[in-house]
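In the numbering used here, the protein residues as written are 2 to 262.
Don't be surprised by glycine CBs; every beta carbon is placed ideally from N, CA and C.
Below is one structure, written out as structure tokens; comments come after it.
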Amino acid sequence: MLAYLIRRLFAAAVMLVVIILVVFCIFFLVPKWAGVDIALNFVGKQADPAAVEGVREKLGLGDPVFVQAWEFFKGIFAGRTYAAGGDVTQCAAPCFGYSFKTEQSVWPVLTERFPVTLALALGAAVLWLIFGVAAGVLSALKRGTLWDRGAMVVALAGVSLPIYFTGLLSLAIFSYGLGWIDGEFVPLEDSLTGWLGGMILPWITLAFLYAAMYARITRATMLEILGEDYIRTARAKGLKEQVVISKHAMRSTLTPLLTML
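Shown next as structure tokens:
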């Protein structure tokens, strides 16, 4: 287990480096190769030429590519100083860039919005795991029944409909139509019930898509496992069906689902 965890952490670190390189290429190299003036895009087309030149100097756009990449990497861990003449702008670590329009570092903007994003992701994940896995297991155990067909039709709709459509549809029905949910975000420190009311529709919208995917995968995996020899052996030994499903079949079914997480 420890070796597996170390491998996953190492893979995550490598992926992080690759993502940083891709972001650097997208925002700094690709526009340059396409003949786009990055400094002009930063300050706006109506900006004074002196301001454009100042931003170009601050960002080091005239430096070689490897120097720009090194400054970009170094800024993440040690901070970065944007200087042009006597004008100096400090970007404290971790420096993921600096907005000259809003005059603030990117990192505080990310940290300000991260708690809401995390709550949205975790809440949706809990819902899609519970309902997706449960629906998939029940469909496999009740294969060919009305429940199985109905659940798979709903799952097919979940993976087929665009997420923005289900979001707008749920908002129109439950907020504007029935009036059950206000639909406005309320900070958690202000009101727990208001916070839950503002998060429930986004949770359901995100969970609907992934619950549908997990239900289909769980059903297919469970059906395959129920046909394995060790499941037939467990039943032949006289084990209760509940024990066979919960202790033998479910353990093997959850393995690919945990890998997907």
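Could you round the C-beta distance between residue 159 and residue 209 to whole angstroms and report it? I think they count as a contact, below 8 Å. Numbered from its first residue, the sequence shown carries residue 159 at position 158. Numbered from its first residue, the sequence shown carries residue 209 at position 208. About 5 Å separates the two Cβ atoms, so the contact holds.
Terminal residues of the beta strand (DSSP E) in which residue 90 lies: Here residue 90 is taken as the residue at index 89 of the sequence shown, counted from 1. Where residue 90 is concerned, the enclosing beta strand (DSSP E) stretches over 88 to 92.
Below 8 Å on the Cβ atoms is my contact criterion, and I expect residue 39 with residue 32 to pass it. Report the Cβ-Cβ distance as a whole number of Å. In the sequence shown, residue 39 corresponds to position 38, counting from 1. In the sequence shown, residue 32 corresponds to position 31, counting from 1. The pair is a contact, with the Cβ atoms about 5 Å apart (cut-off 8 Å).
Would you report the Cα separation of residue 74 and residue 52, rounded to the nearest angstrom? As a working mapping, residue 74 is identified with position 73 in the sequence shown. As a working mapping, residue 52 is identified with position 51 in the sequence shown. For residue 74 and residue 52, the distance between alpha carbons rounds to 25 Å.
Whole alpha helix (DSSP H) runs in the region 22 to 75 with 4 or more residues, listed along the chain? 31 to 34, 39 to 44, 50 to 60
Work out the CA separation of residue 213 and residue 129 for me, nearest whole Å. The count along the sequence shown starts at 1 and reaches residue 129 at position 128. The count along the sequence shown starts at 1 and reaches residue 213 at position 212. Residue 129 and residue 213: Cα-Cα distance of roughly 8 Å.
Whole-angstrom distance between residue 141 and residue 239, CA atom to CA atom: Position 238 of the sequence shown, counted from the first residue, corresponds to residue 239. Position 140 of the sequence shown, counted from the first residue, corresponds to residue 141. When rounded, the distance between both Cα atoms is 21 Å.
Might you give, ordered along the chain, the residues of its own chain that have their beta carbon closer than 6 Å to the beta carbon of residue 81, omitting 5 neighbours on each side? As a position in the sequence shown, residue 81 is number 80, starting the count at 1. 92, 96.
Specify the secondary structure class of residue 247 as computed by DSSP and reduced to three states. As a first step, residue 247 is located in the sequence shown; it is residue number 246 there, counting from the start. It is helical.
What residue range does the alpha helix (DSSP H) around residue 108 cover? Position 107 of the sequence shown, counting from 1, holds the residue named residue 108. Looking at the DSSP string, the run of the alpha helix (DSSP H) that includes residue 108 is 107 to 142.
Going by the CB atoms, is the gap between residue 125 and residue 30 shorter than 8 Å? As a position in the sequence shown, residue 30 is number 29, starting the count at 1. As a position in the sequence shown, residue 125 is number 124, starting the count at 1. No, they are not a contact pair.
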